[in-house]
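Undergrad:
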Amino acid sequence: MATPKAKISIQEVDHVARLARLDLSAADKERMRSELDGILTYIDKLRALDTRDVEPTSHAVPVTNVMRDDVERPSLPVADMLANAPDPHREMFRVPKIIEE
Amino acid sequence: MAALAWLTAHELGARYRSGEATPTQAVTEYLGRIDALDPRLFAFLTVTREDALRRAAESDARFRAGTPRGPLDGVPIALKDVLCTRGIRTTCGSKILERFVPPYDATVVARLFAAGAILLGKLNMDEFAMGSSTEHSAFFTTRNPWDLARVPGGSSGGAAAVVAAGLAPLSLGTDTGGSIRQPAAFSGVLGMKPTYGRVSRYGLIAFASSLDQVGPFARDAEDAALLLGTIAGPDPMDSTAIDVPVPDYRAALGQGIEGLRLGVPAEYFIEGVDPEVEQAVRTAIATLEKLGARTVPVSLPHTEYGLAAYYVIAPAEASSNLARYDGVKYGLRVPGARDVIDMYSKTRAAGFGTEVKRRVMLGTYVLSAGYYDAYYGQAQKVRTLVRRDFDAAFAQVDLIVAPTTPGVAFKMGEKEDPIQMYLNDIFTIPANLAGLPGVSIPGGFTQAGLPIGLQLIAPAFDEATLLRATHAYQTVTDWHTRKPPFHE
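Chain order of the listed sequences is A and B.
At position 50 of the first sequence the residue is numbered 39 (the working numbering), and the sequence of numbers has no breaks.
So the number in the working numbering is just where the residue sits in the second sequence, counting from 1, plus 147.
1) In the DSSP assignment, find the unbroken beta strand (DSSP E) run with B:L601 in it and report its ends.
2) Would you report the Cα separation of B:G362 and B:L259, rounded to the nearest angstrom?
3) Could you check which residue in B:V529, B:L226, B:F286 has the C-alpha nearest to that of B:P577?
4) Using a threshold of 9 Å, state whether the C-beta atoms of B:E414 and B:L447 are closer than that.
5) Residues in the stretch 47 to 60 of chain A with C-beta within 8 Å of chain B's C-beta atoms, listed in sequence order?
6) How big is the Cα-Cα spacing for B:P462 and B:A540?
7) Examine the Cβ distances between the stretch 184 to 197 of chain B and the stretch 244 to 258 of chain B and report whether three or more of them are shorter than 8 Å.
8) Which bits of chain B does A:K34 rub up against, with CB to CB less than 7 Å?
9) Can you confirm whether A:K86, when its beta carbon is compared against all beta carbons of chain B, has any partner nearer than 9 Å?
10) Could you tell me which whole beta strand (DSSP E) segments of length 3 or greater appear in the stretch 204 to 263 of chain B?
11) Given this structure, state the Cα-to-Cα distance separating B:T237 from B:L230, to the nearest angstrom.
12) Tell me where the beta strand (DSSP E) around B:S318 begins and ends.
13) Cα-Cα, which of B:S280, B:F275, B:R196 is closest to B:K562?
14) For B:Y343 and B:Q360, which I take to be in contact (beta-carbon distance under 8 Å), what is that distance rounded to the nearest angstrom?
15) Compute the distance between the beta-carbons of B:G268 and B:L319, then report whether it is under 9 Å.
16) Step through the CB atoms of chain B and report whether any lies within less than 9 Å of the CB of A:E75.
17) Report the option in B:S357, B:K437, B:F633, B:Q525 whose CA atom is closest to the CA atom of A:D42.
18) Report the rounded CA-to-CA distance for B:G590 versus B:Q602, giving the unit in angstroms.
19) For B:L435, tell me which candidate among B:D370, B:A616, B:V174 has the shortest Cα-Cα distance.
20) Measuring only between beta-carbons, confirm whether A:A16 sits less than 9 Å from chain B.
21) Smallest Cα separation from A:D69: which of B:D207, B:A208, B:V248, B:P218?
22) For B:F191, which beta-bridge partners are listed by DSSP?
23) Sort B:M568, B:T531, B:P584 by Cα distance to A:L35 and report the nearest one.
24) Quick one: is A:A9 near chain B, going by C-beta distance under 9 Å?
25) Within 9 Å of any Cβ in chain A, is that where the Cβ of B:P584 sits?
26) With 9 Å as the threshold, decide whether the Cβ of A:H149 is near any Cβ in chain B.
27) Is the Cβ of B:S466 closer than 9 Å to any Cβ of chain A?
28) Give every residue of the same chain whose Cβ lies closer than 8 Å to the Cβ of B:G596, excluding the five residues on either side of it in the sequence, and list them in chain order.
29) Could you tell me the distance, in whole angstroms, from the CA atom of B:M272 to the CA atom of B:G213?
30) Answer with yes or no whether the minimum CB distance from A:A(-5) to chain B is below 9 Å.
31) Which ranges would you report for the alpha helix (DSSP H) in the stretch 381 to 455 of chain B if only whole runs of at least 4 residues count?
32) When Cβ atoms are compared, which residues of the stretch 247 to 259 of chain B fall closer than 7 Å to chain A?
33) Between the Cα of A:A15 and those of A:V55, A:L8, A:Q0, A:V84, spot the shortest distance and give me the residue it belongs to.
34) Can you tell me whether DSSP reads B:P170 as helix, strand or coil?
35) Beta carbons nearer than 9 Å to chain A: which residues of the stretch 424 to 447 of chain B have them?
36) For chain B, is any of its Cβ atoms less than 9 Å away from the one on A:P45?
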């Protein structure tokens, strides 16, 4: 279990692993908890700065939409795009069942 | 023994033009060196032998016909395995992409091929470019040519090591928080991170999209100028590659640095910097002063917060970028899952290494409900403060000069704690956060014979001044011409 001063609990690690689609073992989760705790403690130094009147920077250089003419161009061949697929089926990617019958 | 291997690209080009050597001779010699030396260096993930010899023969024919394409025609190059190469396996240092063969070339790769450059192979790296040593590669750790017990730096460790060891005259890497400059410092070569937006990222496997940039490794300023000039410029396939004119970088060399104002930031000369590194950088600054530069003390007060901001922003972006590795369209799929979510989760757990999982978890956490403002929002505001520090400094000076890293190459296995590993990047991260170009150049050696990196940082899109200062420094120093004891 997390110590009282921990930044992140094992339940939160569980939740985040589910969001991130990572199937971690119990041992992995405990190690992850302790390492993330150390990193989050380090990151906490950001809170020392007063940023009330500071605008956030999402990109260092301003990035705006770049428009081009809407001209039809050939795409890569379907066969090329399927060549790396683990389980191609005709012109599709086959996946395990998503919806219960 | 080596006749062509230690020549720079521009020297090699001169030999081709004069008929003293052919691209096939150079490529054959390099392939021989790779066969002989890479079993001890572990830099190549893939050697593209047949492809290289075929392109060399084509280049030979162009020189014979008197129609070479330009200064990189026939020049061998190797690429960090994060850049997509059509028909050539591209792993990103990861098990999840171990058998991935891209259907197209990255724009930088297409531009190199169009210029006649010859690909020798794909280079080892920390998995998904997350690391500072290549120890996070899913395959093996690249060795430092100056001491085979030490790391070459990372994440572009293979790209630095091959240039240092004479296994390629040029290579390309990528730099998100220092992944070109830090291995350049550790391995004793020139490594440049261009301005964010200077070079197309189309076909670069994404890590942190607001920070990633492709850049050259070379031995001298002239080669870096040639390579940057070949890959830079806008690209219809990447709207973040900004339409700013690309100067003739080679033309700017040789103009000297008389009157250039060099900012020396107090925050980069702090406790914890190896005294030998500090001494070498101070000596290099004195050398630049003798060449006519003037030094000005400057302050970048938010430097110490850069690392913390980076370890929010980069993992957050990575957690989003790496969501695409789901076992559906390409890459690994773990069989036997009970449903699609189970398949995603098992595939990602099996395919990603420890450091990648750590950063995906960290990034997912800082973006998750309830934490977004406290972490991601705050980190983006701190990023603004770091950027303003540079804006203020560049109102007074033309370049900033500093150490690239606090220390020199460490031993394999020495940095087990993640934060100790992250601290390697404390002096390289601020330029990424601010989107600025930076270069690391060989600036001396420790008593033990390990390279020391000198870092120069310029205002956005002023790579030409970085290269001009590098060239001036290299005309009066010989650090960049030294060869590691490993090379014979």
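Think of the CB as a built atom: it goes at the ideal place given N, C-alpha and C, for glycine as much as any other residue.
These numbers were taken from a predicted model, which means no experiment stands behind them.
TA: Let's see:
1) The residue labelled residue 601 of chain B in the question sits at position 454 within the second sequence. Residues 598 to 604.
2) For the purposes of this step, residue 362 of chain B is identified with residue 215 of the second sequence, where counting begins at 1. For the purposes of this step, residue 259 of chain B is identified with residue 112 of the second sequence, where counting begins at 1. Distance between the alpha carbons of B:G362 and B:L259: 13 Å.
3) Along the second sequence, read from residue 1 onward, the residue named residue 577 of chain B stands at position 430. Measuring from the Cα of B:P577, the nearest candidate turns out to be B:V529.
4) In the second sequence, counting from the first residue as 1, residue 414 of chain B sits at position 267. In the second sequence, counting from the first residue as 1, residue 447 of chain B sits at position 300. By the CB criterion at 9 Å, B:E414 and B:L447 fall inside the cutoff.
5) S47, H48, A49, V50, V52, N54, V55, R57
6) As a first step, residue 462 of chain B must be located in the second sequence, where it is residue number 315. As a first step, residue 540 of chain B must be located in the second sequence, where it is residue number 393. Going by the C-alpha atoms only, they are around 28 Å apart.
7) Contact between the stretch 184 to 197 of chain B and the stretch 244 to 258 of chain B is absent, because fewer than three Cβ pairs lie under 8 Å.
8) Indexing the first sequence from 1 puts residue 34 of chain A at position 45. Those within 7 Å of A:K34 in chain B are Y452, A455.
9) Sequence index remark: in the first sequence, residue 86 of chain A carries index 97 (1-based). Under the Cβ distance rule, A:K86 counts among the residues neighbouring chain B, one pair being separated by less than 9 Å.
10) Those beta strand (DSSP E) runs which fall completely within the stretch 204 to 263 of chain B and span 3+ residues are 223 to 227.
11) Residue 237 of chain B sits at position 90 when you count from the first residue of the second sequence. Residue 230 of chain B sits at position 83 when you count from the first residue of the second sequence. Straight-line Cα distance between these residues: approximately 7 Å.
12) Working through the second sequence from its first residue, we reach residue 318 of chain B at position 171. 317 to 322 is the extent of the beta strand (DSSP E) around B:S318.
13) One-based indexing of the second sequence puts residue 562 of chain B at position 415. The shortest C-alpha separation from B:K562 is found at B:S280.
14) On the second sequence, residue 343 of chain B is found 196 positions in, with the first residue counted as 1. On the second sequence, residue 360 of chain B is found 213 positions in, with the first residue counted as 1. That pair is a contact at about 6 Å.
15) Reading the second sequence from its first residue, position 121 is the one you call residue 268 of chain B. Reading the second sequence from its first residue, position 172 is the one you call residue 319 of chain B. For B:G268 and B:L319, no; Cβs fall outside 9 Å.
16) Taking the first residue of the first sequence as 1, we reach residue 75 of chain A at position 86. Sequence inspection shows Pro at residue 75 of chain A; the Glu mentioned does not correspond to that position. For A:P75, the answer is yes, since a Cβ of chain B falls inside 9 Å of its Cβ.
17) As a working mapping, residue 42 of chain A is identified with position 53 in the first sequence. With distances taken between Cα atoms, A:D42 lies closest to B:Q525.
18) By 1-based counting over the second sequence, the position of residue 590 of chain B is 443. By 1-based counting over the second sequence, the position of residue 602 of chain B is 455. Rounded to whole angstroms, B:G590 to B:Q602 spans 9 Å at the Cα level.
19) Position 288 of the second sequence, counted from the first residue, corresponds to residue 435 of chain B. Closest by alpha carbon: B:A616.
20) Here residue 16 of chain A refers to the residue found at position 27 when the first sequence is read from its first residue. Output row for A:A16: interface = no.
21) Locating residue 69 of chain A in the first sequence gives position 80, where the first residue counts as 1. Comparing Cα positions, the closest option is B:V248.
22) Along the second sequence, read from residue 1 onward, the residue named residue 191 of chain B stands at position 44. B:F191 is bridged to B:L270.
23) The residue you call residue 35 of chain A lines up with position 46 of the first sequence. It is B:T531.
24) Sequence index remark: in the first sequence, residue 9 of chain A carries index 20 (1-based). So, interface residue.
25) Translated into the one-based positions of the second sequence, residue 584 of chain B becomes position 437. With 9 Å as the cut-off, B:P584 does not count as an interface residue toward chain A.
26) One cannot answer for residue 149 of chain A here, as it falls past the ends of chain A, which runs -10 to 90.
27) Counting from one through the second sequence, the residue named residue 466 of chain B turns up at place 319. So, interface residue.
28) Counting from 1 along the second sequence, the entry for residue 596 of chain B is found at position 449. Hits under 8 Å: W293, D294, P632.
29) Within the second sequence, residue 272 of chain B is the residue found at index 125, counting from 1. Within the second sequence, residue 213 of chain B is the residue found at index 66, counting from 1. Taken atom to atom, the span from the alpha-carbon of B:M272 to that of B:G213 is near 38 Å.
30) For the purposes of this step, residue -5 of chain A is taken as residue 6 along the first sequence, with counting starting at 1. Residue contact with chain B for A:A(-5): absent (no Cβ-Cβ distance below 9 Å to any residue of chain B).
31) Runs found: 396 to 399, 422 to 437.
32) Listed in chain order, the positions of the stretch 247 to 259 of chain B with a beta carbon within less than 7 Å of a beta carbon of chain A are F247, V248, P250, Y251.
33) Reading the first sequence from its first residue, position 26 is the one you call residue 15 of chain A. When each option's Cα is compared against that of A:A15, the closest is A:Q0.
34) For the purposes of this step, residue 170 of chain B is taken as residue 23 along the second sequence, with counting starting at 1. Looking at B:P170 - three-state DSSP - the assignment turns out to be helix.
35) Flagged: no residues at all.
36) Translated into the one-based positions of the first sequence, residue 45 of chain A becomes position 56. Residue-level contact by beta carbon holds for A:P45 and chain B, with a gap shorter than 9 Å.
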